[in-house]
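Notes follow once the structure below has been shown.
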Amino acid sequence: AQTVTQSQPEMSVQEAETVTLSCTYDTSENNYYLFWYKQPPSRQMILVIRQEAYKQQNATENRFSVNFQKAAKSFSLKISDSQLGDTAMYFCAFMKNYGGSQGNLIFGKGTKLSVKP
Amino acid sequence: GAVVSQHPSWVICKSGTSVKIECRSLDFQATTMFWYRQFPKQSLMLMATSNEGSKATYEQGVEKDKFLINHASLTLSTLTVTSAHPEDSSFYICSAAGQESNQPQHFGDGTRLSIL
Chain C
8 AQTVTQSQPE MSVQEAETVT LSCTYDTSEN NYYLFWYKQP PSRQMILVIR QEAYKQQNAT
68 ENRFSVNFQK AAKSFSLKIS DSQLGDTAMY FCAFMKNYGG SQGNLIFGKG TKLSVKP
Chain W
465 GAVVSQHPSW VICKSGTSVK IECRSLDFQA TTMFWYRQFP KQSLMLMATS NEGSKATYEQ
525 GVEKDKFLIN HASLTLSTLT VTSAHPEDSS FYICSAAGQE SNQPQHFGDG TRLSIL
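Sequence lines, in order, name chains C and W. According to the numbering used here, the residues represented by the first sequence are 8 to 124, in order. According to the numbering used here, the residues represented by the second sequence are 465 to 580, in order.
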């Protein structure tokens, strides 16, 4: 079975600074996807960034980037130039790649990020 | 981008009532829909997976007679909480996926269910 671990229940960062959220996972699969989702107080689930396991290049989306270390099963999220609107819960998630169909997401427990003015 | 509509967003009802939550994919065909439950300050836990035209697959510990899932079309799945009790109060959220595994799932906005 796959597991996702987020070891930082809460973090804070000053506006405009950089913060890194940690995530490790455990799986025997070789083909999978990893995600970071943001859940603001409205409780919408917003996809921040996605990484395909077979791609060595780290995914980047504007101020958000990941450090994907497949051998170490680590998938951290770096937020640069933090903004007040980045305040939210952040969930790391794993999904097995079934090839022709979608699987469910397995979520970590989340990290509550507070961006301070 | 793809949109998933989930209704109602918030429902309060008396114990013993059955509540139906709808999840619709508005601009794509959702071959698979997932139902998650989230308790306050906790993560999302998968309750069940439904494929269009098939019976839902429930996770261990989820009562299929209590949480009825129907996925009758490629754009609509429903979750009915039957004879709801206060312990069923939670945040329920659906996600919908098309056929291609390289496309991300799309989440509804969730339903806050409060049973008095």
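Backbone N, C-alpha and C define an ideal beta-carbon position, used for all residues, glycine too. Computed from a predicted model, the values in this text were never measured in an experiment.
CB contact below 8 angstroms: residue i versus chain W
| i | result |
| --- | --- |
| M52/C | yes |
| E112/C | The amino acid at residue 112/C is misidentified as Glu; the sequence shows Leu. By this cut-off, L112/C is an interface position. |
| Q109/C | yes |
| F98/C | yes |
| G92/C | no |
| K116/C | yes |
| R70/C | no |
Same chain, Cβ closer than 6 angstroms to residue i, five either side skipped, listed in chain order
| i | result |
| --- | --- |
| N534/W | T542 |
| A548/W | T481, V483 and I579 |
| Q569/W | S559 and A561 |
Cβ distance (whole Å) where residue i is taken to contact residue j below 8 angstroms
| i | j | result |
| --- | --- | --- |
| L28/C | T118/C | 5 angstroms |
| V11/C | F114/C | 6 angstroms |
| K103/C | E59/C | So it is not a contact: roughly 12 angstroms between Cβ atoms. |
| Q502/W | E486/W | Not confirmed; about 18 angstroms, so no contact. |
| W474/W | Y556/W | Not confirmed; about 11 angstroms, so no contact. |
Cβ-Cβ distance between residue i and residue j below 8 angstroms
| i | j | result |
| --- | --- | --- |
| T31/C | I86/C | no |
| V55/C | Y39/C | no |
| Y97/C | L112/C | no |
| D33/C | Q9/C | yes |
| T496/W | T521/W | no |
| V468/W | G572/W | yes |
Below-8 angstroms beta-carbon distance, residue i vs any chain C residue
| i | result |
| --- | --- |
| P568/W | yes |
| F503/W | no |
| L508/W | yes |
Beta-bridge pairing of residue i - partner residues as DSSP gives them
| i | result |
| --- | --- |
| N534/W | T542/W |
| E68/C | F71/C |
Close beta carbons around residue i, own chain, < 7 angstroms, minus the five adjacent residues each side
| i | result |
| --- | --- |
| P124/C | E22 and L91 |
| A494/W | L538, T539, A560, A561 and G562 |
| R70/C | I86, S87 and D88 |
| K427/W | This structure gives no information on residue 427/W, because the portion of chain W shown stretches from 465 to 580. |
Close-in-space but distant-in-sequence residues of the same chain around residue i (CB under 8 angstroms, 5 per side omitted)
| i | result |
| --- | --- |
| Q46/C | M52, I53, A95, M96, Y97, F98 and G117 |
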